[in-house]
Each structure stands twice: as C-alpha cells, then as structure tokens.
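Below is one structure, written out as structure tokens; comments come after it.
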Amino acid sequence: MSIPLDSNVLGQLFTEARTFTAWQNRPVTDAQLERLYALAKMGPTAANGCPARFVFIRTPEGKERLKPFLAKGNVEKTMSAPVTVIAAYDPNFYEHLPELYPHIDARSWFVDQPELCAETAFRNGSLQAAYLILAARSLGLDCGPMSGFDAAGVNEAFFSANAWKANLLINLGYGDTEKLHPRLLRLSFEQACLLA
1 MSIPLDSNVL
11 GQLFTEARTF
21 TAWQNRPVTD
31 AQLERLYALA
41 KMGPTAANGC
51 PARFVFIRTP
61 EGKERLKPFL
71 AKGNVEKTMS
81 APVTVIAAYD
91 PNFYEHLPEL
101 YPHIDARSWF
111 VDQPELCAET
121 AFRNGSLQAA
131 YLILAARSLG
141 LDCGPMSGFD
151 AAGVNEAFFS
161 ANAWKANLLI
171 NLGYGDTEKL
181 HPRLLRLSFE
191 QACLLA
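The numbers in the sequence shown follow UniProt numbering, run straight up by one, and end at 196.
Listed below in structure tokens is the structure:
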C-alpha cells in the first residue's frame, strides 16, 4: 500500500485521462458495473456512512426517461454513451450506520439533524462519485462527468419512492479519442494552494 504507483498507472488515472463527450459503439456489461461499484465502495467516507447511491442507466428506455432533464448541450453525449450514472446521495444514510459503523452509536449523531444529514451525505456522496470515476478509469473505462441537468426533475423521475437526491451525472464507456478537444489548463500550485 505504501509503494508509489508507476507513471503508466498515474497516467491512466490522472495525467492522461480525459473527460469524454463522444463514445465508441462498445457496450459496458452489467458485470463491469458490478466490478466498478465493488472498487468504488471501498473509498473512505465519514463514519463509513457510504451515502452515495448510483443509478446505472444503460437501456434506451432509461435514457429516454432521463433525456427531458438534460441541458441541451448534454443530450447527444448522454444519449450516445453506453451508460449514464446518476450519482446520487441518500440523506437518510445514517439508518445503515448500525451495520456499517457498529462499534459506536453513530446513528444518534444524525437523527433529527436534517441539515447535518444533508451536508454529510452531499459531501461524502461527492467523494464516492469521484471514487467511481477513478475506479472506472482503473478498469479501462472512460468517463464524462457533468452537471447541466434538472436535478429536481431527475429526483422526481427516478427517486419518488425514496429520499435520494441527484448530485451529478457520469457518462461511462469507451471514449472516441478522434473527437477529443485539446486538454484545458489547470491552476498552478501557487494559484490553488497555500502552505500553512
């Protein structure tokens, strides 16, 4: 665990990885999605709360259900992606804490604390969405994470039976490198970081 990863692995996860908007006509199997989640779920979250919930949309019917809630610029890339993930979070995640964090009564920290629940679920659900992206890249899949959708509409269409809340969308598949834009700049260490 303490050995640095080699440059090829770092390239696949970070330095050479790209955000894709166009996709090859190659399927992503349900077995791949299960393996993807098996990796992503292992990332740390506060009190092992695991508030992220993922909807893997991979059928034409599922895509049509999502389509009305996409921003205009996100329709084509989402409809053509083999899989689109609704990365959501469960504000009632704490109900699972007796199982996930059994050595202390962590559930009591959140009961009747809706603002704390929402903040904790959103923050840690966002972490888990990032883990999902890295897990996908580690399995040879490409990703296209995005905002640009009507979250309230997605919540109503997909989560009317529970309290889950949509956070972001992630297109998954095998990216079409012929349609990549040049890599955009990132902020320098001096622009984005402080040493204290």
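In this text, a Cβ means the ideal position worked out from N, Cα and C, and glycines have one as well.
Here the structure is a predicted model, which is why all the values come from computation and not from measurement.
The beta strand (DSSP E) enclosing residue i, as first and last residue numbers
i	result
THR120	Per DSSP, THR120 belongs to no beta strand (DSSP E); it is in the alpha helix (DSSP H), 114-138.
ASP30	From DSSP, ASP30 is part of no beta strand (DSSP E) but of the alpha helix (DSSP H) over 30-40.
LYS165	165-173
THR84	83-89
CYS143	142-146
Residue i - DSSP class collapsed to helix/strand/coil
i	result
TRP109	helix
PHE159	coil
THR19	strand
GLY73	helix
Length of the line joining the Cα atoms of residue i and residue j
i	j	result
ALA136	CYS143	7 Å
HIS103	ALA46	14 Å
PRO27	LYS67	20 Å
VAL9	THR15	9 Å
Among the options, the one whose alpha carbon lies nearest that of residue i
i	options	result
residue 197	GLU64, ALA46 and PHE14	Since the first and last residues shown for the chain are 1 and 196, residue 197 lies out of range.
PRO91	LEU70, PRO114 and ARG35	PRO114
PHE93	LEU116, GLY62 and GLY73	LEU116
ILE57	ALA88, GLY43, PRO44 and ALA71	ALA88
residue 200	TRP23, VAL55 and GLN12	The structure shown does not extend to residue 200, since the chain is modelled only from 1 through 196, so no value can be given for it.
THR59	THR78, ASN74 and LYS72	THR78
ARG35	GLY140, LEU185 and LYS72	GLY140
ARG183	THR19, LEU33, LEU13 and LEU5	THR19
ASN25	THR177, ALA130 and LEU194	THR177
GLU76	PRO44, GLY148 and GLN191	GLY148
Endpoints, the alpha helix (DSSP H) within which residue i is located
i	result
ALA52	Where ALA52 is concerned, there is no enclosing alpha helix (DSSP H), although the beta strand (DSSP E) it sits in stretches over 52-57.
GLY62	60-66
PRO98	97-100
ALA192	189-192
ASN48	Note, ASN48: premise wrong, no alpha helix (DSSP H); not H, not E.
ASN8	7-10
How do the region 76-92 and the region 171-180 stand: do at least 3 beta-carbon pairs fall below 8 Å, yes or no? Between the region 76-92 and the region 171-180, the count of Cβ pairs shorter than 8 Å is three or higher; the stretches touch.
Can we say the region 112-130 touches the region 45-57, given the rule of at least three CB pairs closer than 8 Å? Contact between the region 112-130 and the region 45-57 is present, because at least three Cβ pairs lie under 8 Å.
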